[in-house]
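Positions -28 to -1, 1 to 522 (mature numbering (1 follows the signal peptide of the UniProt record, and there is no 0)) are the ones given, in order, by the sequence shown.
A virtual CB, placed ideally from N, CA and C, is assigned to each residue, including glycine.
Taking it in order: structure first as structure tokens, then the write-up.
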Amino acid sequence: MKKKGMLAVLLAASAAGSILGGAGIAVSAEEAETLTVGISQNSNVEDYETNYLTQLIESECNVNLEFVYLPSSVDDAKSKFAIMASSGTTLPDVMVVSGQFSDLEIADYGSKGIFIPLNDYMENEELAVNFLAIPEEDRSKMIEAATSPDGNIYCLTQNIPEDWNMTPFRFWINRTWLDKLGLETPTTTEEFKEVLKAFVENDPNGNGIADEIGITGCTDGWGCNPVYYLMNSFVFYNGNQANGGLALDETGENVIAPFATEGWRAGLEYMNELCSEGLLSPTIFTQDATQMTNVLSADPQITGSCAAGGFGYWSGAQDSANFQDMELLPPLTGPDGIAYAAYAEYTPSAAYMITKDCANPELAFKVGDFFYRNDVSLTVRYGEEDVDWTTDPEICAQYKGLYEDLWDIPCSLVQLNTVWSTVQNKHWYNVGPRYTSLESYRGINSDQPADSTETDYTALTRQQSAEYYMDAHPEYVLPTLKYTNEEAENLAEIQANIQTYVSQSLAEFVTGNRPLSDWDSYLSELENMGLSEWLSVAQTAYERMEAAAE
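In structure tokens, the structure reads:
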């Protein structure tokens, strides 16, 4: 619940099999039973019936899989299942999902008997062979994430933590311009302000035009809102990635709203100064991700700094001169010594539910547990072993690990073929239960051979991102809260209205369209909209989760 250090639990490739060893289902001479599988069709899966993952499950688990297809759209898939559940239509034996159902929806279906509880199965050493082989700390997180407010577990989860996804609000500064102007990398908010002034006033791109932009970004791109990076120099804010932006206080006991604190006000004041002095472009609140990409790709380079969650905002990043101008900037230290990053703790997600119409739930559970075997979990994402990926030590030794230069973690998995972002017939596109540890992710190969002396900019950036941002958060981080149906219904309108109001007010305060002298009025409006009620319900949910974890 409260933030604890991540365990380095997955060994190098040669040992990986022993951690979650070859624990499939003992294949008997009996005729295979049929298991119906509800799944949303993905256009990147060529044929579910002949898919390699399907054949692997069928052969090793002695089952026949028959697919019941739901629409690819999340909303349409949820609607179709809701109609099936309410109309008395026979449901698929299992639902294999990836984001189609929220925790609340799963709990609701469970309370109505649509999904069956899995608690007893998950404790059964004969049924949960692979799940119980997962290291205890990670297994506990998976159980916690799957447990509904009524204490029942209605789903198996997918656990795939990655440094990259937990800190998406990365911030980039133009290293080339710093060097050209003889400037040091800024470490504080005030130093950063002076650097921005130098960028916009001294024509570092050399075209004789005052076209340099101090800070750019957008609000609809992944990790592209620079406000969230800058605000964390004044108060910790997760970038609205979880719980509507709520956080824990320094004791770890109380739920707070960062956007109603003096730190938030100080951050607004600082950003308003940047905007009023022409250092922070107000277009960050109006341009979309495509327009931002055009700015980043301008020739000559016009960007001094920006927020961007991934390399894709620069076309062909590895070979892009504009991208190679940039380097990641660690969190800036604010006037009170705060230097956080917009971090949200990884939460395992629902991936596999057994329905009330399943005639053999033990078999269905065993099939779900099969996904947690190490090689199967890797197949779910990377394709066929020794064809699309390998953990062969001799091959791994030929490559650098993605984080080897930073943490001396050697390569433990090599992707031989890319079966992602393309039509393929090897997996269900990362849908289904899965377990990989943070350490196993860090052991994936980079694109560089082990003896290469060339700079792999994407690998270097991933290393810097992990080094700069992963631990830059308070000791206590609020986990994803689980509300009861009644709590969620009471909060739905309150939370939606407050989040909209906070986003709107933030833009107005930063751009100067609303004076900071309106701060007290802003706080009063938050209270009128139900902030105290939201915090009270969130506190109740947090304490309930804390008690359940003890």
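Query	Result
Spatial distance of A(-6) from F164 (CA atoms)	Low local confidence applies: a pLDDT of 49 at A(-6) is under 50, so the model's placement there is unreliable, with the coordinate-based value given in what follows. Cα-Cα distance, rounded: 54 angstroms.
Terminal residues of the alpha helix (DSSP H) in which T472 lies	N457 to T483
Backbone CA spacing between L218 and E38 [nearest angstrom]	43 angstroms
Where E108 falls, given that 16 or more other Cβ within 10 Å makes a residue buried	exposed
Inter-residue Cα distance where the pair is A4 and N36	6 angstroms
Length of the line joining the Cα atoms of E465 and T233	22 angstroms
DSSP-derived helix/strand/coil call for Y315	coil
G309 classed as buried or exposed, judged by whether at least 16 other C-beta atoms fall within 10 angstroms	exposed
Minimum C-alpha distance to Q273 - residue among G178, N457 and Q370	G178
Backbone CA spacing between A520 and A331 [nearest angstrom]	31 angstroms
Residues sharing a beta bridge with L7, DSSP	L37
Three-state secondary structure (DSSP) of M442	coil
Pick from T148, G123, S12 and L495 that is closest to G82, judged by C-alpha positions	G123
Start-to-end residues for the alpha helix (DSSP H) that takes in Y514	L503 to A521
T512 to N294 span [Cα, whole Å]	49 angstroms
Residue closest to L300, alpha-carbon to alpha-carbon, out of E522, Q467 and A431	A431
Minimum length 3: unbroken beta strand (DSSP E) runs contained in the stretch 342 to 420	371 to 373
Proximal residues to N485 (C-beta, below 8 angstroms), its chain only, five neighbours per side dropped	A479
Segment contact flag, the stretch 279 to 297 with the stretch 10 to 30, C-beta cutoff 8 angstroms, min 3 pairs	no
Start and end residues, alpha helix (DSSP H) containing C247	E234 to S248
Residue range of the alpha helix (DSSP H) that includes A79	D75 to S83
8 angstroms Cβ cutoff met for P254 and G195	no
Distance between A57 and K328 (C-alpha atoms, nearest Å)	10 angstroms
Inter-residue spacing [alpha-carbon to alpha-carbon] between W400 and L25	7 angstroms
Segment contact, 8 angstroms Cβ cut-off, at least three pairs: the stretch 388 to 403 with the stretch 335 to 344	no
As assigned by DSSP and simplified to three states, the class of W286	coil
Under the three-state DSSP convention, the category E299 falls into	strand
Three CB pairs or more closer than 8 angstroms across the stretch 273 to 282 and the stretch 185 to 195	yes
For L252: DSSP bridge partner residues	I187
Beta-carbon spacing of A117, P320 below 8 angstroms	yes
Cβ-based burial, S412 [other Cβ within 10 Å; buried from 16]	buried
Where Y448 sits in the DSSP three-state scheme	coil
Expected contact under 8 angstroms - CB spacing of L385 and N417 to nearest Å	7 angstroms
Closest by C-alpha distance to D291, when choosing among T427, F171, A79 and Y354	T427
Proximity to D183 [Cα-Cα], best of C190, G189 and V172	V172
Simplified DSSP assignment, three categories, for V207	coil
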